[in-house]
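Just so we're aligned: 1100 in the numbering used here is position 1109 of the sequence shown, and the numbers increase by one with no gaps anywhere.
Think of the CB as a built atom: it goes at the ideal place given N, C-alpha and C, for glycine as much as any other residue.
All values reported here derive from a predicted model rather than from experimental measurement.
Single-structure report; data block below.
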Amino acid sequence: MSSLSRELVFLILQFLEEEKFKDSVHRLELESGYFFNMRYFEELVTNGEWDDIEKYLSGFTKVDDNRYSMKIFFEIRKQKYLEALDRKDRSTAVEILVKDLKVFAAFNEDLFKEITQLLTLENFRDNEQLSKYGDTKSARNIMLAELKKLIEANPLFRDKLAFPSLKNSRLRTLINQSLNWQHQLCKNPKSNPDIKTLFVDHSCGQSQPNGARAPSPVANPLMGAAPKTGGFLPLSAHGPFPSAPAPPMPTSLAGWMASPSSVPHPSALTVPIGFTTPNNSAALLKRPRSPPTNNTAADYQSADSEHVLKRARPFGMIDEVNNHLVNMLPVGFSAQSQSHGQSSYSSDDLPKAVVMNLNTGSAVKSMDFYPAQQTILLVGTNTGDIMLWELGSRERLVVRNFKVWELATCSVSLQASLSGDYAASVNRVTWSPDGTLFGVAYSKHIFHVYSYKGGDDVRNHIEVDAHVGSVNDIAFSYPNKQLSVITCGEDRLIKVWDAATGAKQFIFEGHEAPVYSLCPHQKENIQFIFSTATNGKIKAWLYDNAGSRVDYDAPGHSSTAMAYSADGSRLFSCGTNKEGDSYLVEWNESEGAVKRTYHGLGKRANEVVQFDTTRNRFLAVGDEFMVKIWDMDNLNIFTTIDADGGLSASPCVRFSREGLFLAVSTNDNGIKILANSDGVRCLRTLESRSFDVSKVGSAPIVKCVQAPSITAFGSASGTVGSNVIDRPGQMVPILAMNGDNARSLPDVKPRINEESTEKSRIWKLTEVNEASQCRSLRLPDNLTTTRVSRLLYTNSGLAILALSANAVHKLWKWQRSERNVTGKSTANIAPQLWQPASGTLMTNDISNTNPEEAVSCFALSKNDSYVMSASGGKVTLFNMMTFKTMTTFMASPPAATFLAFHPQDNNIIAIGMEDSSIQIYNVRSDEAKTKLKGHQKRITGLAFSNVLNILVSSGADSQLCVWSTDVWEKQTSKFLQVPTGRTQAPLADTKVQFHQDQIHLMVVHETQIAIYEAPKLDCLKQWVPREASGPITHAAYSCDSQSIYVSFEDGSIGILTAANLRLRCRINPSAYLPTNPSLRAHPLVIAAHPTDTNQFALGLSDGGVYIIEPLESEGKWGTSPPHENGAGPSTAPSGAPVSDQPQR
């Protein structure tokens, strides 16, 4: 069968699944043999449907195909046999033995005899090997785990375990495109054709079965029946053929918003599933609108017309981040890929432990965690106060009382409302996506936007007299890649404002009651806004003046709020009506109907209940003096949290972005902060840090993350943020984002006592000269040692992976023990140089190359299961569990010199090449998507920003380039500024790594460490080491981005405070290297531990790998030098680099 025919089978499978033809789906899977549905197979095994299991397997393999297949069938038949014995059904057991198991006697006669002897036992568990056999359910689960491993290893299942990444309803979309094209070719195209059949081509001729008809308010049944009353209208193109007088060529066919189906055939993007229009669409169809001018979809042009019919791209969710490399390749399987990335969580993952109480002094109305730092909380109260709290220090950083900044310029109505009562309540507080701004909506006419520079530096940005009466909600969005503020109010209006200037951009009218809440969202390149009113009406708007696109009712006609899951794939709403009945529902976007209604909310709420989502898995609602939690896929309450009592009747609830913390309002004008185990560890880390009293402000701010993925020079794996292009105002400086002096900004008055002044005089650089001053460990190695080319920790922190110059990988694992309960890497205990029982080594392809001269590179999958690597030859994918080669691709020349996974799609890999190009490679389709050219010499570094949607590359030409990941075009480039008096090698090994904020960029060059601000590449700071140390060989951020570890050619290690690039500690080679002068080894690569902020690893020129940590009594590496007067600059200008001079 041709490849296109094969792809058609996949489209049919998707169609059948969407239409709920379950039996037909699995029958086609079996008969075609193209896709082995592991989820369906799991169901069969769990239910013990043995005949169906073997029937389904028969479409892919037979018993005697290979040893894997034989083992699969044997395990299934053995389990069936044991279950019959367990039921005391000996006749059935004998039948299974004779018919099913006897075939294996030819391969292992002794085993068959042993199985036969089980018939003679009263209880087969008397057999020593079966003594641990449990109940049927547990036995099936154990067998299922074994079967999955066998199937994944079986070459006959290769390319059959992963369903292609398709947009929803792809087959329907292709048919609709065909109809669109056919209609364009009509000699006299009608504005509202009547499509009655797909059996013949469409034509607008009167005698044709697919001819035109008169305009009608009834929906076109172009593809499927009309949706239920109140369904979503097409948001992007407003119906297939508008009924108003048509232009020379009709507007484009439009799609419905559609969320991913929860079927085992996943889709990467959502697409239209039909072109139906609700019954009340007559008025809408009278105002045809053109498709967006920035449409990037393909154009369909007629041969006899100059007009181009452009198909508007419908709403669709952004490509889902696939956290498991196994899902993107045809060599493995993960159930996660078939449930849209939702991992299995327990109630222990939820923040339930009360870790602190914050006293706000007035009732809390709204809260929001800082997007770049989970320990900063923004709060608004009913008296108009806004506050910033730092959870690590439990300190209130900022408090601002309600005040109109420019009363004289406000409207007469606002001045009148304030004349009798100069007070207002906060209705909503919210951060901008990048954390540089936050907005406050007040109960009287106005909203404020503040700029945030870090620490306690909050500055007035814009004040707008926005609505008549209360401003009920405020949100940020990026229409046309420009940051905007959206507000709604008591005057029934929705308004959009420029976030930089406060200029009004749009006004949306149409609600017949006060607008209660807003939910801006983006799907593909379409930006839109959901709005809800107090009468229970929900509408949707595009950023134009053409009116609302949808009009339907919230459950119970309630005042409701809407929110998407973090990945944008699921839409929820929660609200309360005038009778006090509350509703929590999930919506089917494609039909505009409620998909599921969750049970357990109270019926007597005195105010509208608030809700939030976390981890793409849980929903939380503040109701009946507690927090109620639902699993998104279960209608019943998952658990409840009372937070030791004292909560408000309908408390405000807000999760931090990673779900480590939950803020809940109390009935005594306060907030309780709840944390899970990761959150507790984060706070303990903050609290345990000793802090010199000479330093300004409170304890250093640490960004707490949930199992971050930070390689030596890869971007941090964080939550995918919004597109950030041309951010208004100045970006938060690194010093203000974190670090020891996070609050020491120019306008902050220093608070230094005499003792701290004295300490600042005696501060000196911490020098580590002897082994007794730190903890170090050379990892055991019995393999051939050659220089270490690449080094990183696994994302779990349980192992270290090195790539040697001879193309061999080495993996060290720490074992759990009484001395090392967590099993994480430590210098206190030697790890094991791990190899599989087969003795296999992970060795890169080195055909036609000298590995000692080649440039080595590798990248690790987020689940630590696979490593992509190259040493001058082909790029190889290895299984980290078995060390087996899974696949190879991209033969040299040119050779790959750097590898980086796309943070939002593990199917996409950026590959830096020896010939100075960058290949954007799709592993699933095994082809290069595009080729980027901008460097003159080989690529030496790549780093993605999942906040800015950019890729930054560095080259041996000392040049940095910024590439847009939306269109893969170069945005800007800049050459490094080499310090005066320094020379650089012809091939400079320049590296790049993003700070955790995904905006600031560290650039490592042999002559300097520099901090740039993306995407414009403004150089903020530059640090030049002393020449005596020799060139810089490598550097890496610590896992919290507070420190920078720098290695030098003379063997020393420097530790910088990242916020100001000040050297605070130097580790000399005598502290960790043997005293033999003939060895003269030095570190070539350095890697930071993914969760321990003070541990790092070194890869040496002699092949050694070292773990280095501070003494347990010290707990950290030195102390930062204080600034004069306690307040230092947030940045050092690039023209005046910070130099590493002796400091005493």
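Would you please state the rounded distance, in angstroms, between the beta carbons of residue i and residue j? I believe it to be under 8 Å.
{"i": "Gly527", "j": "Ser549", "result": "6 Å"}
{"i": "Leu575", "j": "Tyr555", "result": "So it is not a contact: roughly 15 Å between Cβ atoms."}
{"i": "Lys1012", "j": "Ile1002", "result": "4 Å"}
{"i": "Lys586", "j": "Trp578", "result": "6 Å"}
{"i": "Ser936", "j": "Ile990", "result": "7 Å"}
{"i": "Phe534", "j": "Val487", "result": "For clarity, residue 534 is Tyr in the given sequence; the question names Phe instead. Confirmed, about 7 Å."}
{"i": "Gln365", "j": "Glu119", "result": "Actually they do not touch by this definition, with Cβ atoms about 52 Å apart."}
Verify whether the separation of the beta carbon atoms of residue i and residue j is less than 9 Å.
{"i": "Tyr1028", "j": "His1080", "result": "no"}
{"i": "Ala634", "j": "Val655", "result": "yes"}
{"i": "Ser560", "j": "Ala545", "result": "no"}
{"i": "Pro1016", "j": "Gln999", "result": "yes"}
{"i": "Lys982", "j": "Gly925", "result": "no"}
{"i": "Val506", "j": "Asp464", "result": "yes"}
{"i": "Thr878", "j": "Asp836", "result": "no"}
{"i": "Lys619", "j": "Gly636", "result": "no"}
{"i": "Leu1147", "j": "Ser847", "result": "Beyond the ends of the chain as shown, which are -8 and 1135, falls residue 1147; an answer cannot be given."}
{"i": "Ile664", "j": "Leu349", "result": "yes"}
{"i": "Ala596", "j": "Ser639", "result": "no"}
{"i": "Gly1090", "j": "Leu1102", "result": "no"}
{"i": "Gly1156", "j": "Val420", "result": "Outside the modelled stretch of the chain, which goes from -8 to 1135, sits residue 1156, for which no answer is possible."}
{"i": "Pro342", "j": "Asn667", "result": "yes"}
{"i": "Ile485", "j": "Ile520", "result": "yes"}
{"i": "Arg387", "j": "Leu379", "result": "yes"}
Can you say whether residue i is buried or exposed, counting buried as having 16 or more other CB atoms within 10 angstroms of its CB?
{"i": "Met872", "result": "exposed"}
{"i": "Asp150", "result": "exposed"}
{"i": "Lys755", "result": "exposed"}
{"i": "Met61", "result": "buried"}
{"i": "Lys219", "result": "Note that Lys219 has pLDDT 35, beneath the 50 cutoff, so the model's placement of it is unreliable and the number below is only indicative. Exposed, by the Cβ-count rule."}
{"i": "Ile498", "result": "exposed"}
{"i": "Ser860", "result": "buried"}
{"i": "Ser423", "result": "buried"}
{"i": "Arg1055", "result": "buried"}
Need the endpoints of the alpha helix (DSSP H) that residue i sits in, please.
{"i": "His1080", "result": "No alpha helix (DSSP H) holds His1080; DSSP gives it neither H nor E."}
{"i": "Gln70", "result": "58 to 77"}
{"i": "Glu500", "result": "No alpha helix (DSSP H) contains Glu500, which DSSP labels as neither H nor E."}
{"i": "His17", "result": "13 to 23"}
{"i": "Met29", "result": "29 to 38"}
{"i": "Ala84", "result": "81 to 87"}
{"i": "Lys569", "result": "Looking at the DSSP string, Lys569 is not in any alpha helix (DSSP H), and its letter there is neither H nor E."}
{"i": "Phe1", "result": "-6 to 9"}
{"i": "Asn167", "result": "161 to 175"}
{"i": "Tyr47", "result": "41 to 48"}
Considering residue i, what are the terminal residues of the beta strand (DSSP E) in which it resides?
{"i": "Thr551", "result": "550 to 555"}
{"i": "Leu422", "result": "As written in the sequence, residue 422 is Trp, which differs from the Leu given in the question. Unbroken beta strand (DSSP E) run through Trp422: 417 to 422."}
{"i": "Asn348", "result": "344 to 350"}
{"i": "Ala545", "result": "Careful: Ala545 lies outside any beta strand (DSSP E) and carries neither H nor E."}
{"i": "Arg1053", "result": "1053 to 1058"}
Is the beta carbon of residue i within less than 8 Å of some heavy atom of the ligand GDP?
{"i": "Arg163", "result": "This structure lacks the ligand GDP; in fact it carries no ligand of any kind."}
Is the stretch 398 to 411 touching the stretch 455 to 469 in the sense that three or more CB pairs, one from each, lie closer than 8 Å?
Contact between the stretch 455 to 469 and the stretch 398 to 411 is present: 3 or more CB-CB pairs across the two stretches fall below 8 Å.
Are the stretch 774 to 785 and the stretch 754 to 766 in contact at 8 Å, needing three or more beta carbon pairs?
Taking a contact to require three or more Cβ pairs closer than 8 Å, the stretch 774 to 785 and the stretch 754 to 766 do not qualify as touching.
Meets three-Cβ-pair contact criterion under 8 Å: the stretch 40 to 54 and the stretch 99 to 119
Judged by Cβ distances under 8 Å, the stretch 40 to 54 makes no contact with the stretch 99 to 119, as fewer than three pairs qualify.
Count the CB pairs spanning the stretch 348 to 358 and the stretch 671 to 678 that are closer than 8 Å, and state whether there are at least three.
Pairwise C-beta distances place the stretch 348 to 358 out of contact with the stretch 671 to 678, as fewer than three of them are shorter than 8 Å.
Are the stretch 928 to 941 and the stretch 887 to 901 touching, with three or more C-beta to C-beta distances below 8 Å?
With a cut-off of 8 Å, the stretch 887 to 901 and the stretch 928 to 941 count as touching, because enough Cβ pairs lie within range.
Counting pairs of Cβ atoms below 8 Å between the stretch 1079 to 1097 and the stretch 777 to 797, do you hit three or more?
With the cut-off at 8 Å, the stretch 1079 to 1097 and the stretch 777 to 797 touch.
Under 8 Å: do the stretch 797 to 813 and the stretch 821 to 841 share three or more Cβ pairs, one atom per stretch?
Touching, yes.
Would you say the stretch 160 to 167 touches the stretch 131 to 146, given that touching needs at least three Cβ pairs under 8 Å?
The stretch 160 to 167, when compared against the stretch 131 to 146, does not touch it at the 8 Å Cβ threshold.
Measuring CB atoms only, is the stretch 4 to 24 touching the stretch 110 to 120, in the sense that at least three cross pairs come out at less than 8 Å?
Too few Cβ pairs lie closer than 8 Å, so no.
At least 3 beta-carbon pairs within less than 8 Å: the stretch 30 to 41 vs the stretch 126 to 141:
The stretch 30 to 41, when compared against the stretch 126 to 141, does touch it at the 8 Å Cβ threshold.
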